[in-house]
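A short worksheet on the structure shown next.
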Amino acid sequence: MSYLEPAPIKDKENPLLSMMSRFDEAVKHLGISNEMYDILKVPYRQVVVGLPITMDNGSIKVFEGYRVLHSNILGPSKGGIRFAPDVHLDEVRALAAWMTWKCAVVDIPYGGAKGGVTCNPREMSAGELERLMRAYTQSMLDVFGPDKDIPAPDMGTSPREMAWLMDEYSKAKGMTVQAVVTGKPLVLGGSLGRVEATGRGVMVCALAGMEKLRLNPFKSTAAVQGFGNVGSHAARLLHERGVKIVAISDFTGAYYNEKGIDIAEAMAYTEKNNKSLEGYKGGEKITNEALLELEVDVLVPAAKEDVITDENASRIKAKLIVEGANGPTSAGADKTINEKGIVAIPDILANAGGVTVSYFEWVQNRLGYKWTQERVERRSDRIMKDAFEKVYEASVKYNTSMRIAAYIVAIDKVAQTYKFRGGY
Ligand code: NAD
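So the number in this note's numbering is just where the residue sits in the sequence shown, counting from 1, plus 7.
Pasting the structure below:
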């Protein structure tokens, strides 16, 4: 088998295959050539490295790291770095391609990339993580660059790791290079509004979708799965705009209250409770599976991939799904969701508020100037709303789901740009 073909992943849907099935369907609508299909499908560079790290007990452990650059057709590639025990090259490749489509949907001048290191950050000390991140950065010195490839945090990494990356890269270049990475701490050139940016984009998409479905926010209910960065801010911002959030959840379970959850109170609770909803008394405890099947207007999966599957899709009762997480709906569930008339605003549109404000961080770093939170929010809201409308129009024009329409908009943009730039 070619190393460019997806390999099977044990026990879960291969995200690369799941992404490719949507890509293939969108391509059929666009009628692009086989040559262009191959150009857009294949990552242009894949780097795999071994990283020997001295652990705190003096032993040396070798970690495997990846960086997949899917596309640089629209501009430098952009994508996060994932530290997790089950990071797999295929997963990184799927996420890299998703970044290409995500950046194209919201019309920002970036291609897509993703990085990962197979490790368990929960079992590592801060010192071990710092050495690992610095070693990873060293091994990627010829890959990263403000005009080439710009990483960011993802699962298992945070502004702290991005600060180490920026420092290591800057030392190697002999000057401070803030724009090499986004998602940095504020004092190091991070952007105001970045923390809540993804949740805010989810809120903008949810309200735009509700408008199309003629759902009045003040008379609507929502359930939000996942109460981390994306889920908690999406819930808070929707709540502030009148939507009654009847259920929230995290890895400890789901909490249901038909009168509505007080989101500010729940956020204050997790802040004091080691980021967990365990023991939360503002709602009756139900399971995460039950949350997905609640009779609500809006469902926001904002925890992890593959939670809406061909097994439970027929039991989903929401009218609108807004995908805060990456890949929460498996490709096998799309058909059922569409047949039931449920509108799903896909991940590559709904959670693109994060990469949009990351782009603003990069712009500010290059300008050497800081924008106010109000300016960041105004500009990102406009980008998200415009992207939503463009995808909605494409869904009408091609008579297809919002998901396939988002891929159509993205693939069309990248293919057209490639035609102008040309190849060899
Ligand atoms: P996070 O770690 O801050 O939060 C994840 C939340 O999901 C936590 O509350 C966790 O307890 C919960 N969770 C974990 N397993 C669960 C389960 N089985 N059932 C229910 N809840 C569970 O992560 P995040 O940054 O909020 O990211 C969430 C999703 O959004 C991921 O898919 C991520 O790739 C995607 N995303 C994040 C951003 C961003 O800017 N943070 C941007 C785009 C996409």
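Even for Gly, the Cβ is constructed at its ideal location relative to N, Cα and C. Quantities reported herein were computed from a predicted structural model and do not represent experimental measurements.
S28 in three-state terms, based on DSSP: To locate residue 28, count along the sequence shown from 1; it is residue 21. S28 falls in the helix class under three-state DSSP.
K392 Cβ short of 8 Å to the ligand NAD heavy atom set: For the purposes of this step, residue 392 is taken as the residue at position 385 of the sequence shown. No, since every heavy atom of the ligand NAD falls outside the 8 Å radius drawn around the Cβ of K392.
Under the three-state DSSP convention, the category H95 falls into: Residue 95 sits at position 88 when you count from the first residue of the sequence shown. In the structure shown, H95 sits in coil (DSSP, three-state: anything other than H, G, I, E or B).
Anticipated Cβ contact below 8 Å, G119 with A104, distance rounded: Translated into positions along the sequence shown, residue 119 becomes position 112. Translated into positions along the sequence shown, residue 104 becomes position 97. In this structure G119 touches A104 by the C-beta definition: roughly 6 Å separates them, less than 8 Å.
Buried versus exposed call for P83 [16 or more other C-beta atoms within 10 Å across all chains shown]: Residue numbering aside, residue 83 sits at position 76 when the sequence shown is read from its first letter. Flag for P83 reads buried.
Within the stretch 346-385, ranges of the beta strand (DSSP E) (whole runs, at least 3 residues): Complete beta strand (DSSP E) runs here, min 3: 350-352.
Alpha-carbon to alpha-carbon, E265 and G235: Position 228 of the sequence shown, counted from the first residue, corresponds to residue 235. Position 258 of the sequence shown, counted from the first residue, corresponds to residue 265. Going by the C-alpha atoms only, they are around 22 Å apart.
Element boundaries [alpha helix (DSSP H), containing A242]: Numbered from its first residue, the sequence shown carries residue 242 at position 235. Run containing A242: 236-247, per the alpha helix (DSSP H) assignment.
N- and C-terminal bounds of the beta strand (DSSP E) containing E71: Mapped onto the sequence shown, residue 71 falls at position 64. First-last of the beta strand (DSSP E) with E71: 67-78.
Three-state class that DSSP yields for Y262 in the structure shown: Counting from 1 along the sequence shown, the entry for residue 262 is found at position 255. In the structure shown, Y262 sits in a strand (DSSP, three-state: E or B).
Proximity to E291 [Cα-Cα], best of K282, N280, A254: Within the sequence shown, the letter at position 284 stands for residue 291. If we check each option's Cα against that of E291, A254 comes out closest.
Beta-carbon proximity of F258 to S239, cut-off 9 Å: Translated into the one-based positions of the sequence shown, residue 258 becomes position 251. Translated into the one-based positions of the sequence shown, residue 239 becomes position 232. Taking 9 Å as the Cβ cut-off, F258 and S239 do not qualify as a contacting pair.
Contact check, G331 vs A297, beta carbons under 9 Å: Counting from 1 along the sequence shown, the entry for residue 331 is found at position 324. Counting from 1 along the sequence shown, the entry for residue 297 is found at position 290. No. Outside cutoff.
T189 Cβ short of 8 Å to the ligand NAD heavy atom set: In the sequence shown, counting from the first residue as 1, residue 189 sits at position 182. It does not: the Cβ of T189 is nowhere closer than 8 Å to a heavy atom of the ligand NAD.
First through last residue of the alpha helix (DSSP H) which encompasses G57: Counted from its first residue, the sequence shown places residue 57 at position 50. No alpha helix (DSSP H) holds G57; the beta strand (DSSP E) holding it covers 52-61.
C-alpha gap between A417 and D114, whole angstroms: The residue given as residue 417 occupies position 410 in the sequence shown. The residue given as residue 114 occupies position 107 in the sequence shown. Taking the Cα positions, A417 is about 8 Å away from D114.
Unbroken stretches of the alpha helix (DSSP H), 4 residues or longer, contained in the stretch 127-169: 133-146
The ligand NAD heavy atom lying under 8 Å from the CB of P335: Residue mapping note: residue 335 aligns to position 328 of the sequence shown, counting from 1. Yes, the ligand NAD has a heavy atom inside 8 Å of this Cβ.
Exposure of L374, with buried meaning 16 or more beta-carbon neighbours within 10 Å: Start at 1 with the first residue of the sequence shown, and residue 374 comes out as number 367. L374 should be labelled exposed.
Any non-hydrogen atom of the ligand NAD closer than 8 Å to S256 Cβ: The count along the sequence shown starts at 1 and reaches residue 256 at position 249. Yes; taking the cut-off as 8 Å, the Cβ of S256 has a heavy atom of the ligand NAD nearer than that.
Nearest to L37 (by Cα), restricted to the options F395, A412, R100, T343: Your numbering for residue 37 matches position 30 in the sequence shown. Among F395, A412, R100, T343, the Cα nearest to that of L37 is on A412.
Neighbourhood of A338 by C-beta, 6 Å cutoff - its chain only, sequence neighbours within 5 removed: Here residue 338 refers to the residue found at position 331 of the sequence shown. If we look at A338 and ignore the five residues flanking it on each side, its Cβ neighbours are S25, S28.
Rounded C-alpha distance that separates C126 from H246: Translated into the one-based positions of the sequence shown, residue 126 becomes position 119. Translated into the one-based positions of the sequence shown, residue 246 becomes position 239. C126 and H246: Cα-Cα distance of roughly 37 Å.
Exposure of M8, with buried meaning 16 or more beta-carbon neighbours within 10 Å: Indexing the sequence shown from 1 puts residue 8 at position 1. Any reading at M8 needs caution, since the residue's pLDDT is 40, under 50, leaving its predicted position unreliable; the model's value is listed next. With fewer than 16 Cβ atoms within 10 Å of its Cβ, M8 is classed as exposed.
Contact test: G197 Cβ vs the ligand NAD heavy atom, cutoff 8 Å: Here residue 197 refers to the residue found at position 190 of the sequence shown. Outside the cutoff, so no.
Cβ neighbours of T343 in the same chain (closer than 6 Å, five flanking residues each side left out): Locating residue 343 in the sequence shown gives position 336, where the first residue counts as 1. Around T343: A320, S321.
Chain B contact for G339 (CB, 9 Å cutoff): This model lacks chain B altogether; it includes just one protein chain.
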